[in-house]
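Here is the structure we will look at.
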Amino acid sequence: MGATVSPELILKELAELWVDSGKQGQAEGGTGVLRACSMTLLVLAEAGEDTQGLGETIAALMPEHPARAIVVRLSGQGERTLSARVYSQCWMPFGQRRQICCEQVEITVSDAALADLRSVVLPLTVPDLPLIVWCRSTRLLQMPEFQPIASMAEKIVLDSAAAPDPEAILQCAQEMAERGLMLGDLSWTLMTRWREMLADVFENQRNVAQLARVSSVEVEWGGSRYVPALYLGSWIEDSLISVGVNPSLKLSRAADEDFLRVRLTGDGFAVELARQEDRMVVTLNGCSQCANLPQPTDYLLMREELGIVRHDPVFEKALVSAARLTHPIKQ
Amino acid sequence: MPIENPFQDPLRFERRVPECAVVIFGANGDLTKRKLLPALYRLAYDRRLSAGFAVVGISRTPMSDEAFREKMLEAVKQFSEDTTFDDDVWKAFAAGLFYVAGDIGDAALYQSLAGKLAEIETLRHTGGNVMFYLSTQPSQYARAAQGLGAAGLGKGSGWRRLVVEKPFGHDLASARELSDGLHESFDESEVYRIDHYLGKETVQNILAFRFGNGIFEPLWNRRYVNHVQITGAESIGVEGRGAYYQEAGALDDMIQNHLLQVMATIAMEPSASFRAASVRDERSKLLRSIRPMTPAEVRQNTVAGQYGPASIGGKDVPGFRQETGVDPQSQTNTYAAVTVFIDNWRWAGVPFYLRTGKRLAKRVTEIAIQFNPAPLHIFNQDGGQDGVESAPNLLIVRIQPEEGISMKFLSKRPGSGMMLRPVSMDFNYGSSFGERSPSAYETLLLDAIVGDATLYTRQDMVEASWGVVEPIQNAWRESPADFPNYPAGTWGPAAADGMLARHGHVWRKP
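As they're listed, the protein sequences go chains A and B.
For what it's worth, this note's numbering labels the leading residue of the first sequence as 1, then goes sequentially.
For what it's worth, this note's numbering labels the leading residue of the second sequence as 1001, then goes sequentially.
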């Protein structure tokens, strides 16, 4: 057995960290640090992932979702090893003298020690606040060792598009949802603004009255937009079916990387949504309008997911439909 | 019957915003340039407006649609405080800006407006919904409403709403007269009286704090609360608005509307739901429970003030009477402090101190709730703690500039012995949540477009507020004050300290 960790020691180090931060803040003439916490965020990432990029994403999330962040780095094969370090992320809000700090714990674990992870994480979670698991490792998602971790979580966030085999992850996610686990998929989150823009078009009573004419829904995707395209297509189809419209759904692959476009057409009626750089262009019967649509980042997507700690019936329905769609598309 | 939009997802999407045209009377004025257009542009930037959205500016100056767009572009660039200017978003937004020139008293204006709205409805698909925003001289409100009514614009294929800026009259009679004028063409449910204080994030957070948590409400009454101080202080003077301010004064300009509304939010009974009518009913009930003052009580429980010249930070600043456009013998109050009592079971006997003023020591708006001290001072029986132990618990709700909530309580000093000291536990809105808070006008404009009147003032609330303020106005008018009575840059007249001292209290220095 290689290195091990003691949760009690980590908690003691966390407490000392706060004392040190407070002393340092006062010594620098400030008024100490402000401690904020709204959840425990458990991030499961492969050791090879960009450490700095992930750290910056977590730090960016903290002002809106202050949390005790536990970052678990999966070191893969090798001897049974668990190690940990504790540090804090502090920032000084503009124009203020007081630092805001959030605590972070980093745990490195080999595959052989994964079974011990639950017993280390459980005592480290902040009492009475939700535990959100952000599983960035699609490899871990499919391992049996993930199940005890999942069972502790209030919500699990994954990104099915990041997997080499997204269909398998969609199936896995659907099974978890069927078991009652609260899920989020960043590939679905990526579609929120698209869905919202489409919904906006049909806020107009004249347009919504044309819905019955829609006979075809076409979604074209390129590169990594496969799973988002599945979600978007199945969500549109489900929504139309819910009002008695049965369009044909066609998903096709485009040559361009990261391309995504959706078209709803019918007798004398056409709506198209397409991204052009940082803007979304919505074309209704040939008349176009554009709106600001920043490139999605993990930070923006996670910010939305952390704001929804409850079951999301629209997503859960789309997940079932998207998983169902994967088989014909593969053929 | 409207068809349901099957694509809506309320859990993830922003609130549904219907298509509409916003008609702004006074489109060439300061409020439009500084607040309304920047707020509407920001809403467009955040994709909060429907695609079927348009603005029609109205003022007397002849101008083309294009010239109006140019003018508004300058305003948005100059007055959007924390919004990145995006050329493409502006182009899409500006395509929905239109202009009609005319005089509010001229029937021809309303015919032109009707024609423009019909044209816009076809062009921009505004769904026949129109919100009229009166950003003009208050004396023209009723005339504009009547003009709209006479031209048939008060009704249409979609909804109609009328947004009115304060002041809502200058006393009870004029407030009623104004409402009667508006009601000739618009139903009370279509009238939105805007009080931008209620649109501030922290004022809304008072409702969340009080009614979203179970632990505070049991303490929120006369048994535990000693008194409440509500401060709305400005460090600046009248800044070139002397002529206007001379007609209003601090009592009418701040206490009658903003501070009494904030007080109603702090002191109202829990509403049965968060529906607009329910929340507004409770606010209104609270305002009607405020005890009106007799002339003798006005002398005891109110203080008027006016700032005199002073040197602040090495810079000489003029007194109010030396400001441009102000009568050198002006009796206008630039400071007002009022002790208010609420005659209901919850608050009977608890003084609510309201103060506001220009050229005070700092710019701050906050509510301080002071709780009763512990009934027995067991840690101070030898008298060695200099009264620290009797320091009261305070709950401070800061509205501006740093929105947040602080709680002050006593804690043991580290070390041997039982020495106590007050400590403060702070929740800072800006730093606890990193997201930008929408401006009050963004919140309120969007609320009016979606038809949510929760944060708007209703006629009965306006009348109840005047019922509180009018006896003070009358008494002050009858006995001219010896102004100026406080130097600029201080916390107001000494008499205001005396007003609290009569109840054994002192003003906080925020």
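All C-beta atoms in this analysis are idealised placements derived from N, C-alpha and C, irrespective of residue type, glycine included.
Nothing here was measured: the structure is a model prediction, and the numbers come from that model.
- Just measuring C-alpha positions, the residue of B:TRP1347, B:ALA1337 and B:SER1064 sitting nearest GLY1357 (chain B) is B:ALA1337.
- DSSP places ASP185 (chain A) inside the beta strand (DSSP E), whose first and last residues are 183–185.
- In this structure, the beta-carbon distance from PRO1471 (chain B) to MET1293 (chain B) falls below 8 Å.
- In this structure, the beta-carbon distance from LEU140 (chain A) to LEU74 (chain A) falls below 8 Å.
- The criterion of a C-beta distance shorter than 8 Å is not satisfied by ALA69 (chain A) and VAL86 (chain A).
- Here PHE1209 (chain B) carries a helix assignment [DSSP, helix/strand/coil].
- Using a Cβ-Cβ cut-off of 8 Å, ALA209 (chain A) is close to ILE1003 of chain B, given in chain order.
- The stretch 1311–1322 of chain B and the stretch 1482–1494 of chain B touch, with three or more beta-carbon pairs separated by less than 8 Å.
- Neighbours of PHE1007 (chain B) in chain A, taken as residues at a C-beta separation under 7 Å, are given in chain order as ARG195, LEU198, ALA199, PHE202 and SER239.
- In the structure shown, ARG1421 (chain B) adopts extended strand secondary structure according to DSSP, grouped into three states.
- Under the DSSP definition of a beta bridge, ALA1021 (chain B) partners with B:ALA1054 and B:VAL1130.
- Across the stretch 1127–1143 of chain B, CB contacts with chain A closer than 8 Å involve GLY1127, in sequence order along the chain.
- Residue-level contact by beta carbon fails for ARG261 (chain A) and chain B, as no gap is shorter than 8 Å.
- Nearest Cα to MET1461 (chain B) within the set B:SER1411, B:GLN1329, B:SER1289 and B:PRO1351: B:SER1289.
- Among the residues of the stretch 228–255 of chain A, those with a Cβ less than 7 Å away from any Cβ of chain B are SER239, LEU240, SER242 and VAL243, in the order of the chain.
- DSSP places ASN1257 (chain B) in the helix class (H, G or I) of the three-state scheme.
- Of the residues B:ALA1075, B:TYR1099 and B:PHE1186, the one whose Cα lies closest to the Cα of TRP1090 (chain B) is B:ALA1075.
- Beta-bridge annotation (DSSP): MET1499 (chain B) is not paired with any residue.
- Taking a contact to require three or more Cβ pairs closer than 8 Å, the stretch 235–252 of chain A and the stretch 1029–1038 of chain B do not qualify as touching.
- Short of 7 Å from the beta carbon of TYR1224 (chain B), and not among the five residues preceding or following it, lie these beta carbons of its own chain, in chain order: PHE1371 and ASN1372.
- Contact annotation, ALA162 (chain A) with THR138 (chain A): C-beta distance approximately 6 Å; criterion of less than 8 Å satisfied.
- DSSP places TYR1224 (chain B) in the coil class of the three-state scheme, outside both helix and strand.
- For ALA69 (chain A), none of the residues of chain B pass the 9 Å Cβ criterion, the least Cβ distance being about 15 Å.
- Beta-bridge partners assigned by DSSP to TRP221 (chain A): A:ARG253 and A:LEU260.
- Residue burial annotation: LYS1509 (chain B) is exposed, with fewer than 16 other C-beta atoms found within 10 angstroms of its C-beta.
- VAL314 (chain A) belongs to the set of residues whose beta carbon lies under 8 Å from a beta carbon in chain B.
- By the rule that beta-carbons nearer than 8 Å mark a contact, ARG1069 (chain B) does not touch chain A.
- VAL19 (chain A) is classed as exposed because its beta carbon has fewer than 16 other beta carbons within 10 Å across all chains shown.
- Listed in chain order, the beta strand (DSSP E) elements of length 3 or more contained wholly in the stretch 1234–1315 of chain B are 1302–1305 and 1310–1312.
- The beta carbons of VAL201 (chain A) and ASN207 (chain A) sit closer together than 8 Å.
- Within the stretch 1165–1198 of chain B, the complete alpha helix (DSSP H) runs of at least 4 residues fall at 1172–1183.
- Within the stretch 1038–1052 of chain B, the residues whose Cβ lies closer than 7 Å to some Cβ of chain A are TYR1045, ARG1047, SER1050, ALA1051 and GLY1052, listed in chain order.
- Straight through space, the alpha carbons of ASP298 (chain A) and HIS1505 (chain B) are spaced by roughly 53 Å.
- Sequence-distant partners of PRO130 (chain A) (beyond 5 residues in either direction) whose C-beta falls short of 6 Å from its own C-beta, in its chain, are MET39, GLU154 and VAL309.
- DSSP, read as helix, strand or coil, puts ASN1474 (chain B) in helix.
- Your pair ALA1464 (chain B) and ALA1276 (chain B) does not check out as a contact, with CB atoms roughly 17 Å apart and the cut at 8 Å.
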